[in-house]
Amino acid sequence: MSSPSHPAPRLAAVARGLLVEPDLRDTLQRSVELTASHLPDAHSVSISLLSRRHQVVTPASTHEWASLADQLQYDSDEGPCVDAIREQEVVLVEDVARDGVERYPRWAPLVAERTGLRSSFSCRLHTQREQLGSINVYATRPGVFDAAAREQVEVLAGQVALALSAARQLEGLQAGMEGRTVIGQAQGILMERYKISADRAFQLLSRTSQQTNVRLREVATRLVATGETPDDPRA
Numbered sequence: 001m002s003s004p005s006h007p008a009p010r011l012a013a014v015a016r017g018l019l020v021e022p023d024l025r026d027t028l029q030r031s032v033e034l035t036a037s038h039l040p041d042a043h044s045v046s047i048s049l050l051s052r053r054h055q056v057v058t059p060a061s062t063h064e065w066a067s068l069a070d071q072l073q074y075d076s077d078e079g080p081c082v083d084a085i086r087e088q089e090v091v092l093v094e095d096v097a098r099d100g101v102e103r104y105p106r107w108a109p110l111v112a113e114r115t116g117l118r119s120s121f122s123c124r125l126h127t128q129r130e131q132l133g134s135i136n137v138y139a140t141r142p143g144v145f146d147a148a149a150r151e152q153v154e155v156l157a158g159q160v161a162l163a164l165s166a167a168r169q170l171e172g173l174q175a176g177m178e179g180r181t182v183i184g185q186a187q188g189i190l191m192e193r194y195k196i197s198a199d200r201a202f203q204l205l206s207r208t209s210q211q212t213n214v215r216l217r218e219v220a221t222r223l224v225a226t227g228e229t230p231d232d233p234r235a
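Position one of the sequence shown corresponds to residue 1 (full-length UniProt numbering), numbered consecutively onward.
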């Protein structure tokens, strides 16, 4: 597999295509689709994403084989994407049946048995501030990922990492704004019902959160949705 000429316009198109996606889920799916479109000899592409709890999941792929190959790595705790995330920038498996079996004796036989995938290349996704996961490219033939193809994946991975980081930050900001909005609505309900100040209403929500071991935002959301309020603070 050789990298096509004139990469700059293509990479600019990739960046534009990723940054217009409205949320993290769409950005993830668009990332694997765009990466696959630039690698004609690849069979499928997936993204392994580190969750907030440091668990690894595959939220996007272009084919079920890629998702399965990833999941087999998580289950066996070994494989190219696991190594790319934990230890190395990039991991190449030239032939699942040869070097794959030697390096990953639990994972490789399962992949060979349950999918038609025969080679892979995983590249870590990260920015200067955060570790995101890895992008994983699979092929149905051994020896597909030559130096030019690997370089192409690494460059694409840089664009994907930036887009994912931006989408995560935006998602966090939106969640924060939504949380503040619903808490404000809950305060308003309590102020009206109990004739108390905004500060006192917030204290009541916080006390309920602590007593029930439920997050403040969830307490507020439940109050707004059901109208059920905590006990009268003056009682």
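Glycine residues also receive a C-beta, built at the ideal position from the N, C-alpha and C atoms.
**Message:** Between the alpha carbons of G184 and T212, how many angstroms are there, rounded?
**Reply:** Between G184 and T212, the C-alpha separation is close to 20 Å.
**Message:** Can you list, in chain order, the residues of its chain with a C-beta nearer than 6 Å to that of S2? Leave out the 5 residues immediately preceding and following it.
**Reply:** Caution is warranted here: a pLDDT of 48 is assigned to S2, below 50, making its placement in the model unreliable, and the coordinate value is therefore given only provisionally. A148, listed in sequence order.
**Prompt:** Is the region 129-137 in contact with the region 94-113, if contact means three or more CB pairs nearer than 8 Å?
**Reply:** No, they do not touch.
**Prompt:** Between which two residues does the beta strand (DSSP E) harbouring I135 extend?
**Reply:** Residues 131-139.
**Request:** Would you kindly report the start and end of the unbroken alpha helix (DSSP H) that includes L110?
**Result:** Segment 107-114, the alpha helix (DSSP H) holding L110.
**Message:** Using the three-state DSSP reduction, which class does residue 286 fall into: helix, strand or coil?
**Reply:** Because the chain spans 1 through 235 in this model, residue 286 falls outside it and cannot be assessed.
**Prompt:** Do V96 and C123 have their C-beta atoms within less than 8 Å of each other?
**Reply:** Not in contact: V96 and C123 (Cβ atoms no closer than 8 Å).
**Request:** May I ask you to report which of helix, strand or coil DSSP gives V32?
**Result:** DSSP places V32 in helix when its eight states are reduced to three.
**Asked** How long is the line joining the alpha carbons of L49 and T58, rounded to whole angstroms?
**Response** So the alpha carbons of these two residues sit roughly 6 Å apart.
**Request:** Measure how close the beta-carbons of S67 and S51 come, nearest whole angstrom, since I'm counting them as under 8 Å.
**Result:** The C-beta distance from S67 to S51 rounds to 16 Å, too long to fall under 8 Å, and the pair is not in contact.
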